Amino acid sequence: MIKIEHLSVAFDGPEVVRDVSFTIGDGEILGVVGESGSGKSVTALTLMGLVSESAHVTSGKIYYDDQLLLEAGKPRDNALYREYQGPKMSMVFQEPMTSLNPTMKVGAQVEEMLLLHDRKCLGESIASAPKQNEIQTQKGQLADAEGVKMEEAKTRYAVGFTGWREERKKEKARRKNRVLEALRGVGLREAERVYDCYPHQLSGGMRQRVMIAMAVILHPGLIVADEPTTALDVTVQNQIIELLKKINQEQKNSLLFITHDLNLARRLCDRILVMQDGLIVESGHTEDIFNDPKGEYTKKLISAVPGRTGKRKSPHEKIRPLVEVRDLSVFYRENANSLFGKTVKKCVVHHADFTVYEGEILGLVGESGCGKTSLSKAILGLNKMTEGSVTHHSNSPQMVFQDPYSSLNPMKTVGWLLQEPLRAQGILDPSKAMSEKDREAAAHDMLRKVGMSEKYFTRRPSQLSGGQRQRISIGQALITRPGLVIADEPVSALDVTIQAQILELIRSLQEELKTSFLFISHDINVIYQVSDRIMVMKDGKILEIGETEEVFQHPKDPYTKELLR
Amino acid sequence: MKKFGAWFQKQNMYLLVGLLMTGLAVVLGILSFFWTPYGTTTMSVAERFHAPSLRHLFGTDNFGRDIFSRVMQGIGTTVIVSSLIVLISASAGILIGAVTGYFGGILDEVIMRITDAVNAFPSILLALVVISILGSGKQNVVLSLGIVFTPSYVRIVRSEFIRLRDSDFVCRARLMGVSKLRILFIHILPNIWSVFWVSVTIGFNNAILAESGMSYLGIGVQPPDASLGKMLSDAQGYLGRAPWYALAPGLTIVWIVLGFSLLSEGVRRKEEKKK
Amino acid sequence: MKYLVKKIVTLIMTLFLVSVLAFLAFQIIPGDVVTSILGTEATPEREEALRKELGLDQPPVVRYVRWAGNVLKGDFGESYRYSKNMNQMMPVAELIGDKLPVTLLLAALSMLIIIVIAIPLGVFWARSKSKILDVSLNMGTQTAMAIPSFFLGVLVTYLFGFVLKWFAPGSYVSFRDDLWGCIRYLIFPAISVAIPKIAMTARFLRNSMLTERSSDYVRTAFSKGASERRVSYVHVLRNAMMPVVTFLGMIIAEIVAGSIVVEQVFSLPGIGKLLISSISTRDFPVVEILILYITFVVIFVYFLVDILYRVIDPRISSK
Chain A
60 MIKIEHLSVA FDGPEVVRDV SFTIGDGEIL GVVGESGSGK SVTALTLMGL VSESAHVTSG
120 KIYYDDQLLL EAGKPRDNAL YREYQGPKMS MVFQEPMTSL NPTMKVGAQV EEMLLLHDRK
180 CLGESIASAP KQNEIQTQKG QLADAEGVKM EEAKTRYAVG FTGWREERKK EKARRKNRVL
240 EALRGVGLRE AERVYDCYPH QLSGGMRQRV MIAMAVILHP GLIVADEPTT ALDVTVQNQI
300 IELLKKINQE QKNSLLFITH DLNLARRLCD RILVMQDGLI VESGHTEDIF NDPKGEYTKK
360 LISAVPGRTG KRKSPHEKIR PLVEVRDLSV FYRENANSLF GKTVKKCVVH HADFTVYEGE
420 ILGLVGESGC GKTSLSKAIL GLNKMTEGSV THHSNSPQMV FQDPYSSLNP MKTVGWLLQE
480 PLRAQGILDP SKAMSEKDRE AAAHDMLRKV GMSEKYFTRR PSQLSGGQRQ RISIGQALIT
540 RPGLVIADEP VSALDVTIQA QILELIRSLQ EELKTSFLFI SHDINVIYQV SDRIMVMKDG
600 KILEIGETEE VFQHPKDPYT KELLR
Chain B
140 MKKFGAWFQK QNMYLLVGLL MTGLAVVLGI LSFFWTPYGT TTMSVAERFH APSLRHLFGT
200 DNFGRDIFSR VMQGIGTTVI VSSLIVLISA SAGILIGAVT GYFGGILDEV IMRITDAVNA
260 FPSILLALVV ISILGSGKQN VVLSLGIVFT PSYVRIVRSE FIRLRDSDFV CRARLMGVSK
320 LRILFIHILP NIWSVFWVSV TIGFNNAILA ESGMSYLGIG VQPPDASLGK MLSDAQGYLG
380 RAPWYALAPG LTIVWIVLGF SLLSEGVRRK EEKKK
Chain C
-15 MKYLVKKIVT LIMTLFLVSV LAFLAFQIIP GDVVTSILGT EATPEREEAL RKELGLDQPP
45 VVRYVRWAGN VLKGDFGESY RYSKNMNQMM PVAELIGDKL PVTLLLAALS MLIIIVIAIP
105 LGVFWARSKS KILDVSLNMG TQTAMAIPSF FLGVLVTYLF GFVLKWFAPG SYVSFRDDLW
165 GCIRYLIFPA ISVAIPKIAM TARFLRNSML TERSSDYVRT AFSKGASERR VSYVHVLRNA
225 MMPVVTFLGM IIAEIVAGSI VVEQVFSLPG IGKLLISSIS TRDFPVVEIL ILYITFVVIF
285 VYFLVDILYR VIDPRISSK
């Protein structure tokens, strides 16, 4: 149904998509898998005719049902594309938070799809069962649109202005009904309420459902979904995947599913393309790829996916407690919007009680908003609104954050950054002050330990990749040899292959330096790979805590079971 | 023509043109302290109201004085006065903004109320009030406008410090045990320069406009100090007879201010490109 | 609702702060008033008597309370300088009431010109793709913003008054005598006030539109097959206008300031002219009330804009 031949796309530099060719069959789910910068999104946007004007298609053609949509060297025919965008192909984007117009009601945004295209497909073709596969030529469609306009003019003439207004009213009610139907179709039970909501009044999952409703309301032949679940929590993610599957089965449309997550692709797709640096490096049926990957890169990608294998076996004995958390509750102030800025204390962590032992990696898993970050801040003493006690049996703990771009001071060099903790330590405690030479030596030593070469010593963070920055962050946290390092989602912002390297680094450094880690993640598979023990957290409560194997084999809490699904 | 537009933006000609314009003005202004083509107080009845010519580039005024020489002197005053204004307000702004932004609390609340009140007030009006207390004159113009413009810097510096105060790298610095003073001025401050320089160039413009406005109203720089605003108000009475008399100081102000605007736009674009 | 109350409380507190500053600032130099009214030759007894008459012998706090109380009652005091007749000084309220409409009319006209020209200009600029047009508009607006309002007044006088002879400079007629003629004259000072603000507003709107143009929801709209035109007007413009509303509110303070200077250029009998002359003659009762009044107007406009913003932005209004 869709045929892409030798497509290459370049922005003001080298090509980001190189000689990509593939087809999508009727009713097929095709997955495109690749890490960031592999050109998968650009390919999808080019197909949809949405890629920005600074992009040049340097070679190739795109066909939709034998209709040539795009050809290299010719300007994009926006008028032609507008006929296709919506009724024939539509797109679901990654960010449900920003992909809807914030000042327009959700209902109106879905309805816009009908307003823009309904005229052209007015009447039975949509109201009755969809005939997606019917090939309609461009000309025929235009003639249809003309016909509709004529029709409308005739009615208007015949029934007079008031009659015409009546017609418009009925038309409007009909449109609203179809929108409500579509909203219900994607599992939004309170469709009436959602219809009159603004996007910010809905949760991320609901917004993504609205996006899907918008995409399917005209029953297009092709739906392009660009990382539709990446911004969502695991449980919601599952629901959205099920929904896409259901729609595909019911409406028999094709789905182009773009993701960085091999597991998701495996669950959903019939066929998979693997992209790297703008090239398709492998393609084939899903199970074939997983069972018998041909390319080096694909193998690497599959092995990098954190699975339930390769758990580290570090002999650790719970002898000496390092941090004891006793009956800890954490609060934060919520502005109650009252006269004198009176605030309400809201409890985000309820009675946490656990111990971190010397030399272990304790994994903390939970979805966004479950209170894991608040808990870590309380342990570090950054949040003062707490009840209960935290006892540290070593020097001050350090922290590694999720976002590698904001956790290093952009104005300083790597060398300066690595020395700063030592400098600060020296100022605080003159007995630990080091000479400049010793400091530099220690920094060089740490740079080597985190697996980076000497030449990075004088670079600034902006000249490093995300993974390298995360290495520097870890080095900076470890250079003063703290007893405990709290790592808050340290690999979530990284690509899978980089993620695997950083996890490996953390494990080896832990074995070498015997530092304890509190490792926080939303991804239970990542936790499995690094942790000796696991804590599961939900809605501010610690549901379960135990040895990793134990929790994975015999989860006690239903929520843990849901996570492990 | 089309290509010219693209080339102009690509090469960042804003920066170059801005530099040239401000550079010329500053050189002329400083030169005026040592040399002007004619004496600025030399009057001559025979030379009254000469139109601009090669002899008198900008013509002569009602007393037969050379307008170009007087404009040069006016630029000199303006450049010195506005530099001092920016120096006072910007350094006060950094200090107050850094402390209130980073620490917050009651002090921050009080200072924000005051800056709000000051901001609600047209700047030239506030300067008028301060002047009416202190009396007019060069030093008082500097002092009053210095006070008046401080809140705008406080605002910018404060919001940057608030943004960075909660950033991950500052949070980690705190965990490392870095002292507060060191976090303020060694960790955070270097990160706000790019924003700060843009606001300094804009601040220069506001200072020049306010200073010349006050002089125009007769409550700014007083004779014998030359000033472009005062010249303009003198010239207004002869608008029909000698329009160049008014145009010369007026266009000079536009020249300097435009130069600084282009400079700041150029700097901004350069910073954006870096990112 | 609670927000509204909070806002009103801040508004009153700011006004109070300004009133204290405005009042106390002029108390730092008490002797001057008496000497400047009576001249340096007056006897100490006369000076003492006048001081008592004006209430200047009391401590500042007492005087502030008395003054503020009177202001709240609507009694704004009397001018030191302007006399109504032989034995009575001019009440400040009357003095201001006479000049106020001129300034308000000027400010309103300027605002009207700004909105009518700047918004279409900004939209046009944001939508145009021509680089040369972009550079020229950029340079043009930069130049417009570089012209000080008084020089702009001089330029307008020269161009429309002397060269084109569309109006006679200095021929202002009071609005009481001929409202239409008054507005026709005021258009020229209003243009002088408006031009730099038009440039500022157009630039602001353009930037706001370009920022919105690159957001995700615009891409969504294009993915529905909406035309460039529809996306610009239906999706982008409304979102881009939100910050512009606040911006327009902010430049009201500057319009007031601009009017004060421009009144001087066109010799309009507005409060700007009154303020300047009162400052130079140390007519403090007039200055104090004027400062308080102008602050009140500016803060009140900010307040209204804030409320308006909350009404039109569903992200806040439907919370």
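Taken in sequence, the protein lines are chains A, B and C.
Just so you know, we're using the numbering used here here: the first sequence kicks off at 60 and counts up by one.
Just so you know, we're using the numbering used here here: the second sequence kicks off at 140 and counts up by one.
Just so you know, we're using the numbering used here here: the third sequence kicks off at -15 and counts up by one.
C-beta: ideal position from N, C-alpha, C; glycine also.
For clarity, every value in this text was computed on a predicted model and none was experimentally measured.
ask   = Going by the CB atoms, is the gap between Gly510/A and Ile557/A shorter than 9 Å?
value = No, the pair does not count as a contact, with Cβ atoms beyond the cut-off.
Rounded separation between Ile593/A and Ile121/A - CA only = Whole-angstrom Cα-Cα distance: 49 Å.
ask   = Does the pairing of the stretch 298 to 316 of chain B with the stretch 172 to 185 of chain B give three or more beta-carbon distances under 8 Å?
value = By the C-beta criterion, the stretch 298 to 316 of chain B is judged not to be in contact with the stretch 172 to 185 of chain B, since fewer than 3 inter-stretch pairs fall below 8 Å.
inquiry  = I'd like to know whether the C-beta of Leu1/C is nearer than 9 Å to at least one C-beta of chain B.
reply    = The beta-carbon of Leu1/C is placed less than 9 Å from the nearest beta-carbon of chain B.
ask   = For chain C, is any of its Cβ atoms less than 9 Å away from the one on Pro290/B?
value = Taking Cβ atoms only, chain C never reaches closer than 9 Å to Pro290/B, which makes this a no.
task = Starting from the beta carbon of Ser176/C, find every residue of chain B whose beta carbon is closer than 9 Å, and list them in chain order.
result = Under the 9 Å cutoff, chain B gives no residues; its nearest Cβ is about 12 Å from Ser176/C.
key: Exposed unless 16 or more other CB atoms sit within 10 angstroms - verdict on Tyr415/B   = Residue 415/B is absent from the model: chain B starts at 140 and stops at 414.
inquiry  = DSSP has Cys406/A in a bridge; who is on the other side?
reply    = Checking the DSSP bridge columns, you'll see Cys406/A partnered with Phe390/A.
inquiry  = Assuming Phe10/C is part of the beta strand (DSSP E), what are its boundary residues?
reply    = If you look at Phe10/C, you'll find it isn't in any beta strand (DSSP E); DSSP assigns it neither H nor E.
Contact list for Asp297/C against chain A, beta-carbon separation under 8 Å = Listed by position along chain A, the residues whose Cβ is nearer than 8 Å to that of Asp297/C are Thr162.
task = For chain B, find out if any of its Cβ atoms is closer than 9 Å to the Cβ of Lys471/A; answer yes or no.
result = Yes, because at least one Cβ of chain B sits closer than 9 Å to the Cβ of Lys471/A.
request  = Check His219/C in the structure and name its three-state DSSP category.
outcome  = Assigned with DSSP and collapsed to three states, His219/C falls in helix.
ask   = With a cut-off of 9 Å, does the C-beta of Gln195/A fall near any C-beta of chain C?
value = With a pLDDT of 41 at Gln195/A, under the threshold of 50, the modelled position of this residue cannot be trusted, and the question is left open.
task = Jot down the residue ranges of each uninterrupted alpha helix (DSSP H) in the stretch 227 to 280 of chain B, minimum 4 residues, whole runs only, in chain order.
result = Taking only runs of at least 4 residues, the alpha helix (DSSP H) segments lying wholly in the stretch 227 to 280 of chain B are 244 to 258, 262 to 273.
inquiry  = Whole angstroms are fine: how far does the CA of Ile278/C sit from the CA of Trp223/A?
reply    = Each residue's Cα considered, the two are about 54 Å apart.
ask   = With respect to the beta strand (DSSP E) encompassing Asp267/C, which residues constitute its N-terminal and C-terminal limits?
value = Per DSSP, Asp267/C lies in no beta strand (DSSP E) and is assigned neither H nor E.
message = Whole angstroms are fine: how far does the CA of Phe70/A sit from the CA of Leu129/A?
response = Taking the CA atoms as reference points, Leu129/A sits about 17 Å from Phe70/A.
inquiry  = Please confirm whether Gln126/C has its beta-carbon closer than 9 Å to some beta-carbon of chain B.
reply    = Yes, its Cβ sits closer than 9 Å to a Cβ of chain B.
query = From Ile236/C, Ser261/C, Val215/C, pick the residue whose C-alpha is nearest to that of Gln248/C; which is it?
reply = Answer by Cα proximity: Ser261/C.
inquiry  = Determine whether the beta carbon atoms of Ser262/B and Leu273/B lie at a separation below 9 Å.
reply    = One thing to note: Ser262/B has its Cβ no nearer than 9 Å to the Cβ of Leu273/B.
ask   = Considering only C-alpha positions, which residue in the set Asp85/A, Gly166/A, Leu261/A, Asp329/A is nearest to Asp124/A?
value = The residue with the shortest Cα to Cα distance from Asp124/A is Asp85/A.
ask   = Which term fits Tyr143/A, buried or exposed, when burial requires 16 or more other beta carbons within 10 angstroms of its beta carbon?
value = By the neighbour-count rule (16 or more Cβ atoms within 10 Å), Tyr143/A is buried.
key: Residues of the stretch 200 to 219 of chain C whose Cβ lies closer than 9 Å to any Cβ of chain A, in chain order   = Taking 9 Å as the Cβ-Cβ cut-off against chain A, the residues of the stretch 200 to 219 of chain C that qualify are Asp200, Tyr201, Val202, Arg203, Thr204, Ala205, Phe206, Ser207, Lys208, Gly209, Ala210, Ser211, Glu212, Arg214, Val218, His219.
inquiry  = With a threshold of 9 Å between beta-carbons, can Met129/C be considered close to chain A, or not?
reply    = At a cut-off of 9 Å, the C-beta of Met129/C has no neighbouring C-beta in chain A.
ask   = Apart from the five residues just before and just after Val289/C, which ones in its own chain have a Cβ nearer than 7 Å to its Cβ?
value = Around Val289/C: Val229, Thr230, Gly233.
ask   = So, Ala237/B versus Phe324/B, is the Cβ gap smaller than 9 Å?
value = For Ala237/B and Phe324/B, yes; Cβs fall inside 9 Å.
request  = Could you name the residues of the same chain whose beta carbon sits closer than 6 Å to that of Glu410/B, not counting the 5 residues immediately before and after it, in chain order?
outcome  = Result list for Glu410/B: Ser333, in chain order.
key: Near-chain B residues of the stretch 453 to 469 of chain A (beta-carbon distance less than 8 Å), N- to C-terminal order   = Here the close residues are Ser455, Pro456, Gln457, Met458, Phe460, Asp462, Ser465, Ser466, Leu467, Asn468, Pro469.
inquiry  = Tell me the rounded alpha-carbon separation between Asp591/A and Lys164/A.
reply    = One C-alpha to the other measures close to 48 Å.
ask   = Do you know whose CA, among Arg77/A, Met596/A, Gln126/A, Gly96/A, lies nearest Lys62/A's CA?
value = Relative to the Cα of Lys62/A, the nearest Cα in the group Arg77/A, Met596/A, Gln126/A, Gly96/A belongs to Gln126/A.
Selection from Glu341/A, Asp616/A, Asp547/A, Ala536/A that minimises the alpha carbon distance to Val79/A = Per the C-alpha coordinates, the member of Glu341/A, Asp616/A, Asp547/A, Ala536/A positioned closest to Val79/A is Glu341/A.
ask   = Any Cβ of chain C within less than 9 Å of the Cβ of Pro382/B?
value = It does: the Cβ of Pro382/B has a partner Cβ on chain C nearer than 9 Å.
request  = Kindly indicate which residue of Leu175/A, Gly264/A, Glu309/A, Gly145/A has the alpha-carbon position closest to the one of Lys279/A.
outcome  = Sequence inspection shows Pro at residue 279/A; the Lys mentioned does not correspond to that position. Sorting Leu175/A, Gly264/A, Glu309/A, Gly145/A by C-alpha distance to the C-alpha of Pro279/A places Gly145/A at the top.
ask   = Would a check of beta-carbon distances place Arg266/C closer than 9 Å to chain B?
value = Taking Cβ atoms only, chain B reaches closer than 9 Å to Arg266/C, which makes this a yes.
ask   = Hey, Val218/B and Gly168/B are a contact pair by Cβ (cut 8 Å); roughly how many whole angstroms apart?
value = Contact holds; Cβ gap of about 4 Å.
key: Proximity test, Cβ basis, 9 Å: Met226/C and chain A   = Output row for Met226/C: interface = yes.
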